[in-house]
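Engineer: Below is the structure I would like to discuss, written out as structure tokens.
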Amino acid sequence: MQLTPSGSLRVLLLNGPNLNLLGQREPDIYGTMTFEELNKRIRDYAKEIGIELKSLQSNHEGALIDAIHEAADWADAIVINPGAYTHYSYAIADALKAVRLPAIEVHLSNIHARDEFRRTSVVAPATVGQIAGFGAMSYLLALQAAKAIVQQGRE
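Shown next as structure tokens:
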């Protein structure tokens, strides 16, 4: 684990395809909070609990994989909402396994209560755990979990 000079933990936050459309995209499922509002809430909370956060949203699988690879050099943990890649990106799962950082999968909606195809995550086996169905709170819970997991590793 690499601590910043201030002693905070470093977390990479990744958001996959279409999450940039929050607030517009299916508000009955994802809510009306915009992506910018969600990111502000996450950043503010991360700062409050002593996490240095670097975030990236991409609609391109390769960009997400490159960010995961780069995280091996600086991050203590990864929080990832793979979006639709959840259900078929073995490449993202392999990247998470390769970097050997604790990763937490998050989803705004409860993927297990939705369409059948959304109930299977090929990414989940490469993560410490999955948090789904709590809206924006899913991300805050994931940050708490990441911090606890990294701190337990220090002991």
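Just so we're aligned, residue 1 is where the sequence shown starts under full-length UniProt numbering, counting upward by one.
Every residue, glycine too, gets a C-beta built ideally from N, C-alpha and C.
Nothing here was measured: the structure is a model prediction, and the numbers come from that model.
Residues in the same chain with beta-carbon distance under 6 Å from residue 131, minus the five sequence neighbours each way, listed in chain order, please.
Structural biologist: Only 106, 138, 141 and 142 meet the Cβ criterion.
Engineer: Based on DSSP bridge pairs, tell me the residues matched to residue 129.
Structural biologist: DSSP, once it has assigned bridges, lists 104 as partnering residue 129.
Engineer: Buried or exposed for residue 49, please, with buried defined as at least 16 other CB atoms from any protein chain shown within 10 angstroms of its CB.
Structural biologist: The residue in question, residue 49, is exposed, as its Cβ has fewer than 16 Cβ neighbours within 10 Å.
Engineer: For the segment 77-97 against the segment 28-40, do three or more pairs of beta-carbon atoms, one drawn from each stretch, fall closer than 8 Å, so that the two count as touching?
Structural biologist: Because the criterion of three Cβ pairs below 8 Å is not met, the segment 77-97 and the segment 28-40 do not touch.
Engineer: Is the segment 59-68 touching the segment 40-49, taking contact as three or more C-beta pairs under 8 Å?
Structural biologist: The segment 59-68 vs the segment 40-49: no contact.
Engineer: Ordered along the chain, which non-local residues of its own chain (more than five positions away) have a Cβ less than 7 Å from that of residue 120?
Structural biologist: Result list for residue 120: 87, in chain order.
Engineer: Using the beta-carbon count (16 or more within 10 Å), is residue 22 buried or exposed?
Structural biologist: Flag for residue 22 reads buried.
Engineer: Note down the Cα distance separating residue 24 from residue 147, rounded to an integer number of angstroms.
Structural biologist: Distance between the alpha carbons of residue 24 and residue 147 is about 31 Å.
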